[in-house]
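Enquirer:
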Amino acid sequence: MKISHKHRRGNRRPTGAILAIVLVVVAVLVVLAAVMTTRTVRYHRVRMNRANAIQSQLLADAGLDRALLRLKQDSDYAGETWTVPVDLLDGHQSATVTIQVDRADAARKVIKVTSQFPVDSIRSVQRTIEYTWPLESNEESE
Numbered sequence: 262m263k264i265s266h267k268h269r270r271g272n273r274r275p276t277g278a279i280l281a282i283v284l285v286v287v288a289v290l291v292v293l294a295a296v297m298t299t300r301t302v303r304y305h306r307v308r309m310n311r312a313n314a315i316q317s318q319l320l321a322d323a324g325l326d327r328a329l330l331r332l333k334q335d336s337d338y339a340g341e342t343w344t345v346p347v348d349l350l351d352g353h354q355s356a357t358v359t360i361q362v363d364r365a366d367a368a369r370k371v372i373k374v375t376s377q378f379p380v381d382s383i384r385s386v387q388r389t390i391e392y393t394w395p396l397e398s399n400e401e402s403e
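Take the sequence shown: its position 56, counted from the start at 1, is 317 in this note's numbering, and no numbers get skipped.
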């Protein structure tokens with residue numbers, strides 16, 4: 262019994278179609294992986310920026326507390342700039358806090374605190390707090 266060529270060709274699989282399907286599936290998987298990677302990187306950047314903003318705000322708040330304490334101890338305190346070393350923060354980045362105290366008028370001083378975290382980074386966040394400190398309340402408490 263002979264098998265005809267026509268019948269044998271009918272049993273052969275269309276290898277070109279399978280290859281095309283495999284290529285489409287691989288292309289879809291590559292696109293999905295690229296989208297997921299992009300989203301993950303973006304999410305990480307947003308979280309880092311948010312964490313830097315929180316750290317910078319906390320440093321500015323601490324600077325204001327420091328300025329108020331120093332003004333209670335010394336009414337001539339004019340401010341300072343200090344660098345917060347790496348080991349006191351996250352272990353990777355340092356920060357700066359600048360305190361400036363100016364007399365607004367005879368009855369008030371203006372305290373301006375600016376923090377920057379991390380220093381010298383493209384993701385650096387700066388926060389500024391201004392606080393008006395009435396002099397009368399200080400003189401009464403002393």
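All residues carry an ideal CB built from backbone N, CA and C; glycine is no exception. As the structure is a computational prediction, the values presented were derived from the model and not from experiment.
Which runs of the alpha helix (DSSP H), 4 residues or longer, sit entirely within the region 307-376?
Expert: Those alpha helix (DSSP H) runs which fall completely within the region 307-376 and span 4+ residues do not exist here.
Enquirer: In this structure, does DSSP put Val287 in helix, strand or coil?
Expert: Val287: helix per DSSP, three-state reduction.
Enquirer: Using DSSP bridges, identify the partner residues of Arg388.
Expert: Per DSSP, Ser376.
Enquirer: So Thr359 and Thr344 are supposed to be a Cβ contact under 8 Å. How far apart are they, rounded?
Expert: At roughly 10 Å, the Cβ-Cβ gap does not stay under 8 Å, so Thr359 and Thr344 are not in contact.
Enquirer: Return the chain-ordered list of same chain residues with a C-beta closer than 6 Å to the C-beta of Gln354, the five sequence neighbours on each side being excluded.
Expert: If we look at Gln354 and ignore the five residues flanking it on each side, its Cβ neighbours are Pro379.
Enquirer: Use the C-beta contact count for Gly352: other C-beta atoms within 10 angstroms, 16 or more gives buried, fewer gives exposed.
Expert: By the 10 Å Cβ count, Gly352 comes out exposed.
Enquirer: Could you pull out every residue in the same chain whose Cβ sits closer than 6 Å to the Cβ of Thr375, ignoring the five residues on either side in sequence?
Expert: Cβ neighbours of Thr375 beyond the five flanking positions: Thr359 and Thr389.
Enquirer: Looking at the strands, I want to know which residues DSSP matches up with Thr299.
Expert: Paired residues: none, contrary to the question.
Enquirer: Using the beta-carbon count (16 or more within 10 Å), is Asn313 buried or exposed?
Expert: Asn313 should be labelled buried.
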